[in-house]
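Peer 1: Going line by line, the protein sequences match chains A and B. By my numbering, the letter at position 111 of the first sequence is numbered 111, and the numbering carries on one by one without gaps. Each number in my numbering corresponds to the 1-based position in the second sequence with 141 added.
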Amino acid sequence: MARLEFLNEQYMQEALKRTRENSEYQEASKGFDDTLAFVVEAEPDKGVNERKIVGTILPQATEYWMDDRPVTFTFLAPYSVYVDIMTGKLDAVRAITKGVLKLKGPMPKILRYVKGTNLWIDTLRTIPTEFEGDFASRSFG
Amino acid sequence: MSRLTGGEVLVRCLLKEGVKYVFGVPGAQLLPITDAIFKNRDQGIDFICNRHEQASAHMADAWTRITGQSGVCIGTVGPGAADLVPGVATAYVESIPIIVLTAQTQSWRAYPSHGSTQECNQLGLFSTITKWNAVVNSWDRIGELVRQAFRIALSGRPGPVHLDLPADVLFQTGEIEESAFLEPYQYRAIEGPSGNPASVEKAVELLISAQKPLIHAGGGVLRSGAWNEVRELAEYLGALVTPTVGARGVLPDDHPLVLKPSGYGAIGAQCEADVVLAIGTRFGELDGWGQPPFWGEKGTQKIVQIDCAAEMIGVNTPVEVGIVGDAHTVLRQIIGLVKQATAPREASQLVTECRATQQSWLSEFEELGRSNAEPIHPLRLIKETRDFFPKDSIICIDGGNIAVWATYLMHVYEPRTFLWAGDMGHLGVGLPYALAAKLACPEKKVFVIHGDGSFMFMNQELETAIRHKLQVIDIIANDQAYGMIKQGQIVACEGRVIGVDFHDTRCDKMAESIGCYGERIEKPKQIRPALQRAMDSGLPAVLDVLVDKEAALNPPDFATVVDLWLQGCEI
């Protein structure tokens, strides 16, 4: 499979498909049933010029959107932080506790599903991924 | 009128404070003190001789934490005083009001130094690790300065104080009236101060308006003996309680409103609470400084802080209301007003959510606690140990990674039964803490969870244990490494490690050579029977447990701890 540009339409379609198919993740996230959005801040000095928003509902993964809608959980970080998480350099929960990945939403609930969150990130890491700008060299798959 | 040496005057003052033990290593210049203790043993005071003065300071520290009374430690001039330093520094960082007494060379040879053997600037040495210190430069001032020492140690933010006692002052004799020995109530406050009524009213308004109240209980609650008040207020308001690591046991871990410190349930609650009542805590590093992401956003979350020291109010995070006062006294004020203002409340939905989050966080650890894997998983050792000992046992924690592992399954059920120098993180505290705990509570079982690194810092105190017939059980999670540092090196230095691996030391045999019970354990099923044999021996015991070296290196929250420690460093 060719690499997909991180968080573009094709990437999101593949991400949702793999999310639905991952039974271990589905089991770990049973009962989560909530909406999330990921806000990716641009880093023009590193060749990432556009701010992006992608949202979905998990663990169902039945749809995604790329506009600003009301959601229960919003994650916000610069592009580089997402790259660190996707390449395994940074654990997602650790990114939250370090304060580099900002979270708006009920913390007790997201912390109840840490295992599911980690399994979801693992699922996304199976997608051959192309990063933008200065991060292109960290593309994988 | 009696004719007494300086040492005897000093000891008579200590007796008035109810001091039962003086911990130390004897010395020539200390002779008037140790001899005065000997002559007053029928009055209820005794000397506990350690094998290193650091242990004496740690014992005074633990005695204070458990009994609420200031522990006393002594060291002789020069090396004896210097050896006390690590223990005094620990007590200082942890706000433990111990009394430190050092002998000094004769007053005409010290300050400035005459160059006498062992003479050392002890006033300078202790000045940065005590709240206050002084040279007792005259026999006539012994009583006054001892009283000042206790007054300062126990007032405001508690902490160690130090008196430097020149030998000539200690040996000197003089006439003294019995009435010169005052009762503590005659020279220091016996009860802590109450809070400003207007501030207390504001705090109550916030608490009763809260939808998701939370009580964050620190070491000041234990110090003040205010655990019943915390429980009463929490249950009345349906408020969650998050003890700090230093205040574990303020309510039992299995109380439905309590969340384990630094666990996901606690972090979730701390982020979501709309009003936080922080008692006897400064929001230190292990509390994430009271800041997001471990706490709610400023402006949304309102904090009421109660502290006995004005300088601690708002020190690490802004507060809505700051109340200077004793935890017990102020909580009684708050409870009275809360009960007038509102009927008892049901626990909020947040309680259910956070307890579920905590359980989810703990479930993986509980599974590891049942692991039959060989080598032994550290959590299997923690769980077996906790399950073996009664709920009211006194738990001492001493180590790096094993202290983190112990966080998960070493449940604490009673106040003042969990001893860990979490703020200082000093290795070697475990055995001295345990010995003092056993002296303070001979009816209770006392055990230590050590790493093998920390055990070797103070293992000579096993001889003190044998000599004083103090049965404490030392359980060593032996991974033959300074595990926490090793893991840090692996992560930060691309796998390069230096100075962190040990030769296989038979700690059990070392204990046997001193006269203790010793046993090495290599399989999970051996743990419980070995604990039983250790107890049945009636002796101080060392169980040398070989744990899984790889697993031991990686407690799940290690990375978070490192992030806090090295915040802002480019790694």
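Note that CB positions come from ideal geometry on N, CA and C, so glycine has one too. All values reported here derive from a predicted model rather than from experimental measurement.
#1: Are the region 486-493 of chain B and the region 374-382 of chain B touching by the rule of at least three beta carbon pairs closer than 8 Å?
#2: Give the secondary structure of Thr56/A by DSSP, where H, G and I count as helix, E and B as strand, and everything else as coil.
#3: Verify the CB distance criterion: does Gly656/B have a CB-CB separation below 7 Å to chain A?
#4: At a threshold of 6 Å, does Thr205/B count as lining the ligand FAD (C-beta to nearest heavy atom)?
#5: So, is Met12/A buried or exposed, given that buried needs 16 or more other C-beta atoms within 10 angstroms?
#6: Going along chain A, which residues have a C-beta under 9 Å from Gly409/B?
#7: Check Phe559/B in the structure and name its three-state DSSP category.
#8: Flag this pair as yes or no: are the beta carbons of Ser29/A and Tyr82/A separated by less than 7 Å?
#9: Give the C-beta separation of Ile618/B and Ile662/B to the nearest angstrom, bearing in mind that I take them to be a contact with Cβ-Cβ under 8 Å.
#10: Should the region 231-250 of chain B be regarded as contacting the region 560-573 of chain B, the criterion being three or more beta carbon pairs within less than 8 Å?
#11: Does the CB of Arg138/A have a neighbour CB from chain B at under 7 Å?
#12: Pro393/B by DSSP, collapsed to three states: which one?
#13: Among Tyr79/A, Thr35/A and Ile57/A, whose alpha-carbon lies nearest the alpha-carbon of Glu5/A?
#14: In angstroms with no decimal places, state the Cα-to-Cα distance between Asp415/B and Lys443/B.
#15: Going by beta-carbon coordinates alone, are Ile215/B and Ser340/B separated by less than 7 Å?
#16: At what residues does the alpha helix (DSSP H) containing Gly265/B begin and finish?
#17: Give the interface partners of Gly99/A over in chain B, defined as CB-CB distance under 8 Å, in chain order.
#18: Given a threshold of 16 other Cβ atoms within 10 Å of its Cβ, counted over all protein chains shown, does Asp67/A qualify as buried or as exposed?
#19: Starting from Arg144/B, trace the alpha helix (DSSP H) both ways and give me its first and last residue.
#20: With 9 Å as the C-beta to C-beta threshold (strictly closer), list the residues of the region 69-92 of chain A near chain B in chain order.
#21: Runs of 4 residues minimum, wholly inside the region 570-599 of chain B: which ones carry the alpha helix (DSSP H) assignment?
#22: Since Glu316/B is in the beta strand (DSSP E), which residue starts that stretch and which ends it?
#23: Leaving aside the five residues before and after Val638/B along the sequence, list all residues of the same chain whose C-beta is less than 7 Å from its C-beta, in chain order.
#24: Where are the beta strand (DSSP E) runs, 3 residues long or more, that stay fully inside the region 524-550 of chain B, in chain order?
#25: Quick check: the region 220-230 of chain B against the region 194-204 of chain B, are there 3 or more CB pairs under 8 Å?
#26: Look at the Cβ atom of Trp280/B, then the Cβ atom of Gly147/B, and state whether they are nearer than 7 Å.
#27: Counting only runs of 4+ residues fully inside the region 630-674 of chain B, write out the alpha helix (DSSP H) ranges in chain order.
#28: What residues from the region 490-502 of chain B come within 8 Å of chain A, judged by C-beta to C-beta, listed N to C?
#29: Please check if any C-beta of chain B sits within less than 7 Å of the C-beta of Arg94/A.
#30: Which residues in chain A sit within 9 Å of Tyr328/B, going by Cβ to Cβ distance?
#31: On the criterion of 16 or more Cβ atoms from any shown chain inside 10 Å, does Gln446/B qualify as buried, or is it exposed?
#32: Would you give the residue range spanned by the alpha helix (DSSP H) that Asp176/B belongs to?
#33: What residue range does the alpha helix (DSSP H) around Asp122/A cover?
#34: Would you kindly work out how many angstroms separate the C-alpha atoms of Cys634/B and Asp202/B, rounded to a whole number?
#35: Going by other Cβ atoms of all chains shown within 10 Å of its Cβ, with 16 needed for buried, is Tyr554/B buried or exposed?
#36: Any Cβ of chain A within less than 7 Å of the Cβ of Tyr405/B?
Peer 2: Reading from the atomic positions:
#1: Touching, per the Cβ criterion.
#2: Working through the first sequence from its first residue, we reach residue 56/A at position 56. Residue state, collapsed to three classes: strand.
#3: In the second sequence, the residue the question calls residue 656/B occupies position 515. Output row for Gly656/B: interface = no.
#4: No copy of the ligand FAD occurs in the structure displayed, which carries no ligand at all.
#5: For the purposes of this step, residue 12/A is identified with residue 12 of the first sequence, where counting begins at 1. The residue is buried, with at least 16 neighbouring Cβ atoms inside 10 Å.
#6: Against the second sequence, residue 409/B aligns to sequence position 268. Going along chain A in sequence order, the residues near Gly409/B (Cβ under 9 Å) are Pro106, Met107, Pro108, Lys109, Ile110, Leu111 and Arg112.
#7: Counting from 1 along the second sequence, the entry for residue 559/B is found at position 418. In this structure, Phe559/B counts as strand in the three-state DSSP scheme.
#8: Position 29 of the first sequence, counted from the start, is the residue given in the question as residue 29/A. Position 82 of the first sequence, counted from the start, is the residue given in the question as residue 82/A. Against a cut-off of 7 Å, the Cβ pair of Tyr82/A and Ser29/A comes out as no contact.
#9: Position 477 of the second sequence holds residue 618/B. Position 521 of the second sequence holds residue 662/B. Rather than Ile, the amino acid found at residue 618/B in this sequence is Ala. 10 Å between Cβ atoms; not a contact.
#10: Yes, the region 231-250 of chain B is in contact with the region 560-573 of chain B.
#11: Along the first sequence, one-based indexing puts residue 138/A at 138. Look at Arg138/A: its C-beta is not under 7 Å from any C-beta on chain B.
#12: For the purposes of this step, residue 393/B is taken as the residue at position 252 of the second sequence. For Pro393/B, the secondary structure class from DSSP, reduced to helix, strand or coil, is coil.
#13: On the first sequence, position 5 is the one that residue 5/A refers to. Per the Cα distances, Tyr79/A.
#14: As a working mapping, residue 415/B is identified with position 274 in the second sequence. As a working mapping, residue 443/B is identified with position 302 in the second sequence. Rounded to the nearest angstrom, the gap between the Cα atoms of Asp415/B and Lys443/B is 6 Å.
#15: The residue given as residue 215/B occupies position 74 in the second sequence. The residue given as residue 340/B occupies position 199 in the second sequence. For Ile215/B and Ser340/B, no; Cβs fall outside 7 Å.
#16: Counted from its first residue, the second sequence places residue 265/B at position 124. Run containing Gly265/B: Gln263 to Ser268, per the alpha helix (DSSP H) assignment.
#17: Here the question's residue 99/A lines up with position 99 in the first sequence. In chain order: Pro433 and Pro434.
#18: The sequence position of residue 67/A within the first sequence is 67, counting from 1. Taking a 10 Å sphere around the C-beta of Asp67/A, we find fewer than 16 other C-beta atoms and assign the residue as exposed.
#19: Numbered from 1 along the second sequence, position 3 holds the residue referred to as residue 144/B. Per DSSP, Arg144/B belongs to no alpha helix (DSSP H); it is in the beta strand (DSSP E), Ser143 to Thr146.
#20: Hits within the stretch, in order: Asp91.
#21: 571-581 and 593-596, all fully within the region 570-599 of chain B.
#22: The residue labelled residue 316/B in the question sits at position 175 within the second sequence. Unbroken beta strand (DSSP E) run through Glu316/B: Thr314 to Ile317.
#23: Counted from its first residue, the second sequence places residue 638/B at position 497. Same-chain partners within the cutoff: Lys627, Gln630 and Ile631.
#24: You should have 535-539.
#25: Flag = yes, the region 220-230 of chain B and the region 194-204 of chain B touch.
#26: Position 139 of the second sequence, counted from the start, is the residue given in the question as residue 280/B. Position 6 of the second sequence, counted from the start, is the residue given in the question as residue 147/B. Against a cut-off of 7 Å, the Cβ pair of Gly147/B and Trp280/B comes out as a contact.
#27: With a minimum length of 4 residues, the continuous alpha helix (DSSP H) runs that stay inside the region 630-674 of chain B are 648-655.
#28: In summary, the residues of the region 490-502 of chain B whose CB is separated from some CB of chain A by less than 8 Å are Leu491, Glu494, Cys495, Ala497, Thr498, Ser501 and Trp502, in the order they occur in the chain.
#29: In the first sequence, the residue the question calls residue 94/A occupies position 94. So, interface residue.
#30: The residue given as residue 328/B occupies position 187 in the second sequence. None at all; the shortest Cβ gap to chain A is about 48 Å.
#31: By one-based count along the second sequence, residue 446/B stands at place 305. With at least 16 other beta carbons inside 10 angstroms of its own, Gln446/B counts as buried.
#32: Position 35 of the second sequence, counted from the start, is the residue given in the question as residue 176/B. DSSP places Asp176/B in the uninterrupted alpha helix (DSSP H) bounded by Leu172 to Lys180.
#33: Locating residue 122/A in the first sequence gives position 122, counting from the first residue. Note, Asp122/A: alpha helix (DSSP H), Val114 to Arg125.
#34: One-based indexing of the second sequence puts residue 634/B at position 493. One-based indexing of the second sequence puts residue 202/B at position 61. In this model, Cys634/B and Asp202/B are separated by some 37 Å (Cα to Cα).
#35: Counting from 1 along the second sequence, the entry for residue 554/B is found at position 413. Around the beta-carbon of Tyr554/B, 16 or more other beta-carbon atoms lie within 10 Å, marking it buried.
#36: Position 264 of the second sequence, counting from 1, holds the residue named residue 405/B. True, the Cβ-Cβ gap to chain A drops below 7 Å.
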